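Let me begin by presenting the structure, written as structure tokens, before commenting on it.
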Amino acid sequence: MRSSVMFLCSQLFPSTGLTDMSRFRSLASLRGLWMKGRMVDPHRFCSSGTPLSTSYVEEMYYAWLEDHKNVHESWDAYFRNAQANSPGREAGERRPSALLQGRAMSQTPAMSQKVVEDHLAVYNLIRAYQIRGHHVAQLDPLGILTADIDSFVPSDLITTLDKLGFYSLDESDLDKTFQLPTTTFIGGQEAVLPLREIIQRLEASYCGHIGVEFMFINNMEQCQWIRQKFETPGIMKFTDREKRTLLARLVRSTRFEDFLARKWSSEKRFGLEGCEVLIPALKMIIDKSSAAGIDSVIMGMPHRGRLNVLANVVRKDLDQIFCQFDPKLEAAEEGSGDVKYHLGMYHERINRETDKNITLSLMANPSHLEAVDPVVQGKTKAEQFYRGDNEGKKAMSILLHGDAAFAGQGVVYETFHLSELPSYTTHGTIHVVVNNQIGFTTDPRMARSSPYPTDVARVVNAPIFHVNADDPEAVMHVCRVAAEWRNTFNKDVVIDLVCYRRFGHNEMDEPMFTQPLMYKQIHKQEHVLKKYADKLISEGVVTLQEFEEEVAKYDKICEEAYTSSKDEKILHIRHWLDSPWPNFFTDEGEPKCMSYSPTGLPEDVLKHIGQAASSVPQQDFSIHSGVSRILRGRADMVSKRTVDWALGEYMAFGSLLKDGVHVRLSGQDVERGTFSHRHHVLHDQEVDKRICVPMNHLWQNQAPYTVCNSSLSEYGVLGFELGFAMASPNALVCWEAQFGDFHNTAQCIIDQFISPGQAKWVRNNGIVLLLPHGMEGMGPEHSSARPERFLQMSKDDPDRYPEFTGDFEVQQLYDCNWIVVNCSTPANYFHVLRRQILLPFRKPLIIFTPKSLLRLPEARSSFDEMTPGTKFKRIIPDEGPASKIPGAVKRVIFCTGKVYYELEKERKQLGLEDRIAIVRMEQISPFPFDLIKKEVEMYSNAELIWCQEEHKNMGYYDYIRPRFLSVLSNKKPIWYIGRDPAAAPATGNRFTHLAELKKFMTTAFDLNAFEGKSF
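Each residue of the sequence shown is one higher than the one before, counting from 292 in the working numbering.
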């Protein structure tokens, strides 16, 4: 017995190398297997389709003959079913030996073994189709490629009768009947089928125009659900009404592209030709989701087919689309705008299939394929959060992809890995891949290593439905199932629309240069609309006249919209807003005022927040001794009316929560803080997974505080938080980089969405980026948040001193594309966070946050700097002896951030407080021209220095120098003191770091350093 079971181990689990019986029992238990005397469930033993050994089956059968309880209950059921199906079974026969097919009592053990082996062979055959049937499905509409870039046919799939030998079956077995396992639905109501019929039904289910990948999913219920949706006989039937609706939608999709091609033949439009079925596919998904209760759908997609989706799915007015093709159309004043196939749209309408209201939002996006994916997810999560939709039953996301981008862009993987994380999940996204089988000019075999472009989805156990896009009814069935899957299991699902691209990458491109054979076939390919119309006409579902009337009706709609579009003279990008904020702006899109309330708070509010930050609100909660020490330190600071960086942040967040403003802080390790300063989530040291978030216990009826450690991703997570911030202006959404220089792996989101978002898409966004920054000898990868990059993209004019009639600070902030600050005090950090919400508009806020200053005793603030009447200081002037006698000051050093404390320490040691003034620039962009002018005029006799710890070709100098010269009217220089130019942002050698620091500190306080030098 032991040897036979060990043999079975080697057959079932060859990679484990099991040699010990106890190890095998442990493995069996972990796999959910049951063992009693013999072995395991015949249907669950292995998902790979590995055949059972015949010696094992024989031993199992004889054990069953001895006593039915010797084997697992499913083996007992199997042998009983086989016995019941035996043709020679006598009425009322109950003996186990009646299992044998033929003459019940006279069969030999060899004959009984053959019966069992044949049934197991059929079971393995069924499983082979379920696992690998998609490899031989007829997915390519052109009939020239295999969708998985591999022409190999798995040897265990039946394509011809001679393949039966793989299972030790032959043609004589085709008419034998076999008991179907519980893991298939091909029989419908029938439990027994002939082998010939079994094969035909499996071919129809898995090898037709639909290929299903799902057997890698490690959940039996989900696998069974999918099997039922594709194996049940007749499940793909559609009513005549459904077919007519499908045809009408195909007409709109096809004729829209034809209309654009006729009117603007030389314009790029990135049409949908070759995948016209996408429009009815999306509408089917939306219909089914609406019927299930969804009333808000947020979509993201690349440029191909966008205009068609806007027109026929979102239902953007056609004249608004057509007018954008007019080269004489003038732009309104909202900003630079964007090309027509990048714009988004928000629209609320009635879903005609369900008679329910539905809101559709198509997000604007750049040409950077897949960059919009996490943004869509973030906006969807925000809508669910603010509506209390904790299961995603009201709002959902749909993401459209190209095949090459889906396989090639890393942000796809990053976004998938957010799908199951508690603070990021949107409870299932439906992904639709428009699989053109080519990427611009690149053959799939050169564009990816995986068989399918969709293989990345397997990492989250998302089922993948491949479908031939030239079979509209197959596409509709797949979309229907995908919508039901998402509603049932709240998990991601992928639809792979295998199609083709009728023209080149754009309508001006010549694809024959690089894909001549493919495009010869495409030129001969009949349009899907004609094929489907002919099919329905032959079935008698519609007449030719009805079809032609449907075409004429939509053509007339397009012509009328075209005529109307000529009346448009100005393009208003505001009409293409994808995230409107009702009641926040005026009807014209302007702020309701141009001022903001002081950001200081009453002292009792500060104390209350400080006390909560110093305690644990839950009873019997055991915290780490180190955290206890931190909380005691906070309590001590509160008693002394002071705050450090972490407490200043706590007070800013807590006060906003009191006012009903949701605060969300996300990023790597933000709950504790990379530098162990924050501790917003406390962990019980005795009870696993028991946590406490004191910030959520500050006030009654306060807004919620969300603080969440993210996956180890910047691109995906920053995009997600950006999308989250789009949903509402009444939220402070912060993303913190583990170190500031790590933001460069999210540069696409910063460059394409955050910096130019308002100019391109009139999209206000108040996201806050917290970027730890400072030269502290930690090497080139943990020093610089690259401030020069943000400043280079700031749009304020360096050569023009701005003139404003109103509040200079607010007007400047309103005109800028983002705000860049480097706070040197906790109080200023507190104020700038609160100002972000109290401003009457929203701008992205970039904050270079400290590392060593988190605990520097000198970098603390008094309550007096945070009480009513106080506000954010764009600059902090020198308040020492130098400010009392400005005429005697020889040098004014302007600086920002941490270097101030090093300069102050050096100045004090040298006793130069009365001869050298140090002015801190806290807000760098937009440049505080007005305040700098006052300082320059105050110290009119002093030479001006800009001192930074960053290298000369980095940091702030290139940004501030021309603006200082504009303030000075080019009559006086501002000299640079800092590190010399370099390729890397910091040295990795501690000695070199200190030598560089000493060198520029010496220069900073050498009053003769620039004597005789020309300007």
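For each residue, glycine too, the CB sits at the ideal point set by N, CA and C. All of these numbers come straight from a predicted model, not from anything done at the bench.
Mind checking who residue i pairs with in its DSSP beta bridge?
i: R955; result: T997 and V1024
i: G502; result: H757
i: R1270; result: H1242
i: T720; result: S688
i: I1110; result: L1136
i: L1060; result: W1026 and I1137
i: M590; result: L653 and I689
i: Y787; result: For the sequence presented, residue 787 should be read as Asp rather than Tyr. For D787, which the question treats as bridged, DSSP gives the partners V724 and H757.
i: S1152; result: V934
i: V483; result: Q470
i: L1237; result: The sequence shown places Trp at residue 1237, rather than the Leu named in the question. Looking at the DSSP assignment, W1237 forms a beta bridge with F1185 and Y1267.
i: G730; result: T733
i: P882; result: F876
i: C983; result: L973
Given residue i, which residues of its chain have a CB within under 8 Å of its CB, disregarding the five upstream and five downstream residues?
i: T345; result: Because T345 sits at a pLDDT of 45, beneath the cut-off of 50, its placement in the model cannot be relied upon, and the point is left open.
i: V568; result: L541, S544, A760, D761, P763, V766, L788, C790 and V819
i: I1215; result: P1078, L1082, V1111, V1112, N1113, T1187, Y1247, Y1250 and I1251
i: A1275; result: P1071
i: R1206; result: A1173, A1179, V1180, K1181, R1182 and L1298
i: M799; result: S557 and K559
i: D464; result: D409, L455 and L486
i: L1194; result: I1184, C1186, I1209, C1238, M1292 and A1295
Quick one: what's got a C-beta closer than 6 Å to residue i's C-beta in the same chain, skipping five residues either side?
i: E1287; result: R1270
i: M1066; result: S1074, E1240 and A1277
i: A824; result: F838
i: F697; result: V703, V724 and P744
i: S1001; result: S957, G958, Q959 and V1008
i: A1273; result: H1242
So residue i and residue j are supposed to be a Cβ contact under 8 Å. How far apart are they, rounded?
i: G478; j: L471; result: 5 Å
i: L1144; j: K1189; result: 6 Å
i: R241; j: G730; result: Residue 241 lies beyond the stretch modelled for the chain, which goes from 292 to 1306, so this question has no answer here.
i: L827; j: L538; result: 6 Å
i: A738; j: A695; result: 5 Å
i: D1087; j: P1177; result: No, D1087 and P1177 are not in contact; Cβ-Cβ is about 28 Å, not under 8 Å.
i: L493; j: F469; result: Contact flag wrong, Cβ pair sits at about 12 Å.
Which same chain residues, not among the five before or five after residue i, have their C-beta less than 7 Å away from its C-beta?
i: V929; result: K898, G901, Q902 and S905
i: F1044; result: V666 and L1013
i: E522; result: T475, F476, I477 and S496
i: F1296; result: E1197, R1198, L1201, L1203 and I1207
i: R386; result: The predicted model places R386 with a pLDDT of 34, which falls under 50 and marks its position as unreliable; any figure quoted below should be read in that light. No residues qualify anywhere along the chain.
i: V427; result: V444, L448, T450 and C498
i: K534; result: L827 and V832
i: H359; result: D367
i: R640; result: R606 and I649
Exercise. Taking one C-beta from the segment 865-880 and one from the segment 1003-1022 each time, how about it: are there three or more such pairs within less than 8 Å?
Worked result: yes
Problem set entry | Those runs of the beta strand (DSSP E) which lie wholly inside the segment 611-693 and span at least 3 residues | 636-642, 647-653 and 686-693
Exercise. Is the segment 1096-1107 close to the segment 834-842, with three or more CB pairs under 8 Å?
Worked result: no
For this session: Please determine if the segment 551-560 and the segment 645-662 are in contact, where contact requires at least 3 C-beta pairs separated by less than 8 Å.
Result: no
For this session: Determine, using beta-carbon pairs with one atom in the segment 991-1006 and one in the segment 973-983, whether at least three such pairs fall under 8 Å.
Result: no
Exercise. Pairing CB atoms from the segment 686-693 with CB atoms from the segment 710-724, are three or more of them under 8 Å?
Worked result: yes
Exercise. Where are the beta strand (DSSP E) runs, 3 residues long or more, that stay fully inside the segment 1155-1222, in chain order?
Worked result: 1182-1186, 1207-1212 and 1214-1216
For this session: Note down, one range per segment and in chain order, each alpha helix (DSSP H) of at least 4 residues found wholly within the segment 794-873.
Result: 807-815, 819-830 and 835-856
For this session: Would you list, in sequence order, the uninterrupted alpha helix (DSSP H) runs of no fewer than 4 residues that lie entirely inside the segment 521-582?
Result: 531-554 and 569-582
Exercise. Is there contact between the segment 611-622 and the segment 854-861, where contact requires at least three CB pairs shorter than 8 Å?
Worked result: yes
Problem set entry | the segment 576-584 touching the segment 673-680, judged by at least three CB pairs closer than 8 Å | no
Problem set entry | Complete beta strand (DSSP E) runs within the segment 1074-1127 (minimum length 3 residues, chain order) | 1110-1112
Problem set entry | contact_flag[the segment 1056-1063, the segment 1019-1039] where n(CB pairs < 8 Å) is 3 or more | yes
For this session: Answer yes if the segment 882-892 comes into contact with the segment 1147-1161, meaning at least three C-beta pairs across the two stretches below 8 Å, and no otherwise.
Result: yes
For this session: Count the CB pairs spanning the segment 878-888 and the segment 920-936 that are closer than 8 Å, and state whether there are at least three.
Result: no
For this session: Indicate whether the contact test is met: 3 or more Cβ pairs, each with one atom in the segment 982-996 and one in the segment 941-954, closer than 8 Å.
Result: yes
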